[in-house]
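Mapping of the sequence shown onto this note's numbering: residues 28 to 482, in sequence order.
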Amino acid sequence: MSHKRIPKRKIAFAGGGAAAVVAAAILLPQANASQDGSDASPAPAPKTLSALSAGGLASRIAERLGPAFAGAYYDKDRQQVTVNVVGDDNDARAEAARAGAVVRSVKNSTAQLKSAATTLRQQATIPGTAWAVDPRTNQIQVTADRTVTGDKWDRIESTVRSLGADTARIKKSAGEFKTVAAGGDAIFGGGARCSLGFNVIDGNGAPGFLTAGHCGVAADEWSDAAGGAPVGTVQQATFPGDGDFAFVSYDDAATEAPSTVDTGDGQTVDITGAAEATVGQAVIRMGSTTGLNDGSVTGLDATVNYAEGTVTGLIQTDVCAEPGDSGGPLFTADGSAIGLTSGGSGDCTVGGETFFQPVTTALAAVGAQIGDGAAGNDGGGDAAGNDGGAAGNDDGGAAGNGEGGGEVGNDGGAVGDDGGAVGEGDGAAGNDGGGGSPGHDGGTPGHGEGIVENG
28 MSHKRIPKRK IAFAGGGAAA VVAAAILLPQ ANASQDGSDA SPAPAPKTLS
78 ALSAGGLASR IAERLGPAFA GAYYDKDRQQ VTVNVVGDDN DARAEAARAG
128 AVVRSVKNST AQLKSAATTL RQQATIPGTA WAVDPRTNQI QVTADRTVTG
178 DKWDRIESTV RSLGADTARI KKSAGEFKTV AAGGDAIFGG GARCSLGFNV
228 IDGNGAPGFL TAGHCGVAAD EWSDAAGGAP VGTVQQATFP GDGDFAFVSY
278 DDAATEAPST VDTGDGQTVD ITGAAEATVG QAVIRMGSTT GLNDGSVTGL
328 DATVNYAEGT VTGLIQTDVC AEPGDSGGPL FTADGSAIGL TSGGSGDCTV
378 GGETFFQPVT TALAAVGAQI GDGAAGNDGG GDAAGNDGGA AGNDDGGAAG
428 NGEGGGEVGN DGGAVGDDGG AVGEGDGAAG NDGGGGSPGH DGGTPGHGEG
478 IVENG
């Protein structure tokens, strides 16, 4: 497992070696925003930022604009952040432009989108459905998998229609939403196979690791080999409900557990801290079944209605995943931990939608830290060489001030998120597995067919 390996080589993703890993990243449409505010003086040119720096900038703008802020997203081609402003609030538009963002006017406020998500939760919490905020369209993106047919499809479709075409849209997925029960190495417990997410240190300085919550409720003890002796014990697991994460402590307190991701062939990536996801951000996933795959963040505050129940507060991406990849790490090329693989539809042949537990939320819940614990710092110079200081302040002037991106992450919440999980609420639970104990072959109750691979 990666926590025992002495790295032979380190992948320098920031250089020419990045092409092999991220060449297939899906390019997003370029932002079509304009800045046509009524300010007498011309707006400054938008800043060029890394995705992590863009997240910090958007968080600060959100605090300043309040209700006028309606989400933000990152254009990775132009390396700019676009901020949505409700209506024609010229003061808010000017404020966002001065801060360095591309600005556009939109119809739906954050509160309106959250209200729409509440309606979906109350009227259409159906296993096989999911929804997330998409700041690029200023809508709720609703997805129904192939199991949603007949009356169920009519119900979700009519609910979306009642919200209005400007507020929500629906699409059909060819796959089936399943948890895809590691970072990146395989771990085994109770007949299930998952993937190790990230090695962490708990509040007492003891080593452990994060993985998916549906793995944590499947078995109390986990091994690094099929049929092997346990190496870790589950201390905390959340699934379903407000997340899909588990903390497993190493049984041997002397275990060397550096925060690295094993990417195969003796290569590793150092993880230096945790960061919030940004829509449009390029991300990489490692799993014990399918290995290294990449793509982009497509939605935030996602609610997924699995057969076992509803999970809220997830990240939605177009990165593929398959059974056995559950719990595996989602990270960036520069070494920031973003998420833990939860589930989704499709596979690595046809693609699909995949959902991830935000690492920042999991760390806060279990009281652990990753890397050197430097998450949340966006000071310092960004990709464009903007002046930055240690604190990442943006008022200019004194030393340490200036807009800038940090090496690790941003200093605020997820871009496009104004607090609170979209679509929170109880979901209909159901088991659809077969054989053995309820849920899966020889598994723990609550896991559906094809959720995990038996070891």
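Each residue gets a CB set at the ideal place from its N, CA and C atoms; glycine is no exception.
These figures come from a predicted structure and were not determined experimentally.
Report the three-state DSSP secondary structure of S77 (helix, strand or coil).
Looking up residue 77 in the sequence shown gives position 50. The answer is coil: DSSP assigns S77 none of H, G, I, E or B.
Please report the Cβ distance between V244 and A264, rounded to the nearest whole angstrom; I am assuming they are in contact, meaning their Cβ atoms lie under 8 Å.
Here residue 244 is taken as the residue at index 217 of the sequence shown, counted from 1. Here residue 264 is taken as the residue at index 237 of the sequence shown, counted from 1. By a beta-carbon distance limit of 8 Å, V244 contacts A264. Their separation comes to about 5 Å.
Classification of Q168 by the beta-carbon crowding that lies within 10 angstroms, buried from 16 upward
Your numbering for residue 168 matches position 141 in the sequence shown. The residue is buried, with at least 16 neighbouring Cβ atoms inside 10 Å.
Helix, strand or coil for P350, going by three-state DSSP, please let me know.
The residue given as residue 350 occupies position 323 in the sequence shown. It is coil, neither helix nor strand.
Using DSSP with H/G/I as helix, E/B as strand and the rest coil, what is C221?
Reading the sequence shown from its first residue, position 194 is the one you call residue 221. DSSP places C221 in strand when its eight states are reduced to three.
With distances taken between CB atoms, is the gap from V133 to N117 smaller than 8 Å?
As a first step, residue 133 must be located in the sequence shown, where it is residue number 106. As a first step, residue 117 must be located in the sequence shown, where it is residue number 90. Not closer than 8 Å, so no.
At which residues does the alpha helix (DSSP H) containing S189 begin and terminate?
The residue given as residue 189 occupies position 162 in the sequence shown. From DSSP, the alpha helix (DSSP H) with S189 extends over 177-190.
Buried or exposed: Q384, going by 16 or more other Cβ atoms within 10 Å of its Cβ?
Locating residue 384 in the sequence shown gives position 357, where the first residue counts as 1. Result: buried.
Would you list the one or two residues that DSSP bridges to D104?
Your numbering for residue 104 matches position 77 in the sequence shown. According to DSSP, D104 bridges with nothing at all.
Evaluate the contact criterion for the stretch 330-340 versus the stretch 121-130: three or more CB pairs, one atom per stretch, below 8 Å.
Using a Cβ-Cβ distance cut-off of 8 Å, the stretch 330-340 and the stretch 121-130 are not in contact, since fewer than three pairs of beta carbons, one from each stretch, lie closer than that value.
Going by the beta-carbon positions, is the gap between D374 and E335 smaller than 8 Å?
For the purposes of this step, residue 374 is identified with residue 347 of the sequence shown, where counting begins at 1. For the purposes of this step, residue 335 is identified with residue 308 of the sequence shown, where counting begins at 1. Against a cut-off of 8 Å, the Cβ pair of E335 and D374 comes out as no contact.
Three-state secondary structure assigned by DSSP to T368
Indexing the sequence shown from 1 puts residue 368 at position 341. Strand, per DSSP.
Taking a contact to mean a Cβ-Cβ separation below 8 Å, would you say V346 touches G322 in this structure?
By 1-based counting over the sequence shown, the position of residue 346 is 319. By 1-based counting over the sequence shown, the position of residue 322 is 295. Yes, Cβ-Cβ distance for V346 and G322 is below 8 Å.
Residues sharing a beta bridge with S363, DSSP:
Taking the first residue of the sequence shown as position 1, residue 363 is located at position 336. Its beta-bridge partners are G300.
Taking its Cβ as the centre, do 16 or more other Cβ atoms sit within 10 Å of P71, making it buried, or is it exposed?
By 1-based counting over the sequence shown, the position of residue 71 is 44. The residue in question, P71, is exposed, as its Cβ has fewer than 16 Cβ neighbours within 10 Å.
Tell me A157's beta-bridge partners as DSSP assigns them.
Numbered from its first residue, the sequence shown carries residue 157 at position 130. A157 pairs with T170, V331.
Applying the criterion that 16 or more other CB atoms from any shown protein chain within 10 Å of the CB defines a buried residue, is P94 buried or exposed?
The sequence position of residue 94 within the sequence shown is 67, counting from 1. Label assigned to P94: exposed.
State the CB to CB distance for the pair A395 and I298, rounded to an integer number of angstroms; the pair is presumed to be in contact (CB under 8 Å).
The sequence position of residue 395 within the sequence shown is 368, counting from 1. The sequence position of residue 298 within the sequence shown is 271, counting from 1. Not really, about 13 Å apart at Cβ, beyond 8 Å.
Where does G355 sit, in a helix, a strand or coil, going by DSSP?
As a first step, residue 355 must be located in the sequence shown, where it is residue number 328. G355 sits in coil when the DSSP states are folded into three classes, being neither helix nor strand.
With 16 other CB atoms within 10 Å as the buried threshold, where does A192 fall?
Position 165 of the sequence shown holds residue 192. Exposed.
Which residues mark the beginning and the end of the alpha helix (DSSP H) in which G240 is found?
Here the question's residue 240 lines up with position 213 in the sequence shown. That run of the alpha helix (DSSP H) goes 240-243.
Do R120 and the ligand FAD come close, with the Cβ less than 7 Å from some heavy atom?
As presented, the structure is devoid of all ligands, the ligand FAD included, so that no description of it is given.
Three-state class that DSSP yields for K134 in the structure shown
Here residue 134 is taken as the residue at index 107 of the sequence shown, counted from 1. K134 falls in the coil class under three-state DSSP.
Counting only the same chain and skipping the five closest in sequence on each side, list residues whose C-beta sits under 7 Å from that of A304.
Within the sequence shown, residue 304 is the residue found at index 277, counting from 1. Spatial neighbours of A304 in its own chain (CB-CB distance under 7 Å, excluding positions within 5 residues in sequence) are listed in chain order as V324, L327, I342, I365, G366, P385, A441.
Range of the contiguous beta strand (DSSP E) that encloses A213:
As a position in the sequence shown, residue 213 is number 186, starting the count at 1. Unbroken beta strand (DSSP E) run through A213: 213-216.
Taking 6 Å as the limit between beta carbons, can you name the residues of its chain near R163, skipping five residues before and five after?
One-based indexing of the sequence shown puts residue 163 at position 136. Y100, listed in sequence order.
Measure the alpha-carbon distance for G255 versus F274 and round it to whole angstroms.
Taking the sequence shown and counting its residues from 1, the one referred to as residue 255 is at position 228. Taking the sequence shown and counting its residues from 1, the one referred to as residue 274 is at position 247. Roughly 20 Å separates the two Cα atoms.
Cβ neighbour criterion (16 or more within 10 Å) applied to D178
What you label residue 178 is simply residue 151 of the sequence shown in a count that begins at 1. Exposed, since its Cβ has fewer than 16 Cβ neighbours within 10 Å.
Can you have a look at G376 and say buried or exposed, based on whether 16 or more other CB atoms are within 10 angstroms of its CB?
Stepping through the sequence shown from its first residue, residue 376 is reached at position 349. The sequence given here places Thr at residue 376; Gly does not occur at that position. Answer is exposed; the Cβ neighbour count stays below 16.
According to the neighbour-count rule (16 or more other Cβ atoms, all chains shown, within 10 Å of its Cβ), is T176 buried or exposed?
Position 149 of the sequence shown, counted from the first residue, corresponds to residue 176. Exposed, because fewer than 16 other Cβ atoms sit within 10 Å of the Cβ of T176.
Comparing alpha-carbon positions, which option in P257, K205, W180 lies nearest G217?
Taking the first residue of the sequence shown as position 1, residue 217 is located at position 190. Out of P257, K205, W180, P257 has the C-alpha closest to the C-alpha of G217.
Helix, strand or coil for E283? Go by DSSP, reduced to three states.
Residue numbering aside, residue 283 sits at position 256 when the sequence shown is read from its first letter. In the three-state reduction of the DSSP assignment, E283 falls in the coil class, being assigned neither a helical nor a strand state.
Is P94 helix, strand or coil by DSSP?
Within the sequence shown, numbered from 1, the residue matching residue 94 stands at position 67. Residue state, collapsed to three classes: helix.
Can you say whether E122 is buried or exposed, counting buried as having 16 or more other CB atoms within 10 angstroms of its CB?
Along the sequence shown, one-based indexing puts residue 122 at 95. By the 16-neighbour rule on beta-carbons within 10 angstroms, E122 is buried.
Excluding the 5 residues preceding and the 5 following D247 in the sequence, name in chain order all residues of the same chain whose CB lies nearer than 7 Å to its CB.
Walking along the sequence shown from the start, residue 247 turns up at place 220. Result list for D247: T260, V261, in chain order.
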